[in-house]
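A short write-up of the structure that comes next.
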Amino acid sequence: MSFNFIMMFSMTVFIASIIPGPSMLLALTHGIHYGAKKSMASAMGNVTITFIQASISIAGLGTILMASETAFQLIKWAGAAYLLYIGISILCSSEMSLSTKNLNRSTKKNSLTGMYLQAAFVTAGNPKAIVFFTAVFPQFIDPGMAYFYQFCVLMTICTFIAFSCFMIYAICGQKIVSLFSKDMVGKHIKRIIGSTFIGAAIGLAASNK
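Here it is in structure tokens:
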């Protein structure tokens, strides 16, 4: 695989990953609540499912999912329901004050395992990622080269980019805490994030395959 080939693949995956979506919104939320350092646990949850989704696509199983309307819809509706749950939970939460003191207190309330699982569930609830990988991978597979080698290279790039994009949003969330340490601002941001999660849920549920 040439350097230009790898760079083209990397840019394609990066652009698709950095675009705001449910996973990146969760990264921003965890960055606000728990800080960038703790959000690394969430990033690993996102990376784990991204690795599985990409592996499914490379293995050719993504084509089966794309052909199965029932399986696709089940995953999509489960993901939409979970996003709706997160959005309502944020809107109904008692407080979301933006201060380092509350950030440290929030960190104690949630375990790293809980953050990992929440990110994993949000990522897994978007079957479109499998569709994306299924469409993209064949464009970058060279039939004349060892398949396993190409698998390792492409998967390494995917997981690295997924982790990096998640942490970019988490760091931005932490910066928000330091820039806007006011209760009123925190309430507005809570409403915006909660409403965005609900909007993402509706959008995912209403979207066509």
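Each residue of the sequence shown is one higher than the one before, starting from 1 at the first, in full-length UniProt numbering.
Glycine included, each C-beta is placed from N, C-alpha and C at the ideal position.
Residue i - DSSP class collapsed to helix/strand/coil
{"i": "asparagine 46", "result": "helix"}
{"i": "asparagine 4", "result": "helix"}
{"i": "methionine 145", "result": "coil"}
{"i": "proline 22", "result": "helix"}
{"i": "alanine 54", "result": "helix"}
{"i": "proline 127", "result": "coil"}
Where residue i falls, given that 16 or more other Cβ within 10 Å makes a residue buried
{"i": "phenylalanine 166", "result": "buried"}
{"i": "isoleucine 130", "result": "buried"}
{"i": "methionine 24", "result": "buried"}
{"i": "glycine 203", "result": "exposed"}
{"i": "asparagine 4", "result": "exposed"}
{"i": "phenylalanine 26", "result": "Phenylalanine is not the amino acid found at residue 26; the sequence shown has leucine there. Burial call: buried."}
{"i": "lysine 175", "result": "exposed"}
{"i": "serine 2", "result": "exposed"}
{"i": "lysine 38", "result": "buried"}
{"i": "proline 138", "result": "exposed"}
{"i": "proline 20", "result": "exposed"}
CA nearest to the CA of residue i, picked from the options
{"i": "serine 42", "options": "Met115, Cys172, Leu74, Ala81", "result": "Met115"}
{"i": "arginine 191", "options": "Phe148, Gly87, Tyr149, Cys158", "result": "Gly87"}
{"i": "cysteine 172", "options": "Thr29, Gly45, Gly194, Phe3", "result": "Thr29"}
{"i": "phenylalanine 121", "options": "Gln150, Val47, Ser10, Ala205", "result": "Val47"}
{"i": "alanine 195", "options": "Ser89, Gln73, Phe14", "result": "The residue asked about is misnamed: residue 195 is serine in this sequence, not alanine. Closest by alpha carbon: Ser89."}
{"i": "isoleucine 15", "options": "Ile161, Ala206, Gly199", "result": "Ile161"}
{"i": "histidine 33", "options": "Ala205, Gly199, Val177", "result": "Val177"}
{"i": "methionine 8", "options": "Ile157, Gln53, Thr134", "result": "Ile157"}
Neighbour flag for residue i against chain D, beta carbons, 9 Å
{"i": "tyrosine 34", "result": "No chain D is present in this structure, which holds just one protein chain."}
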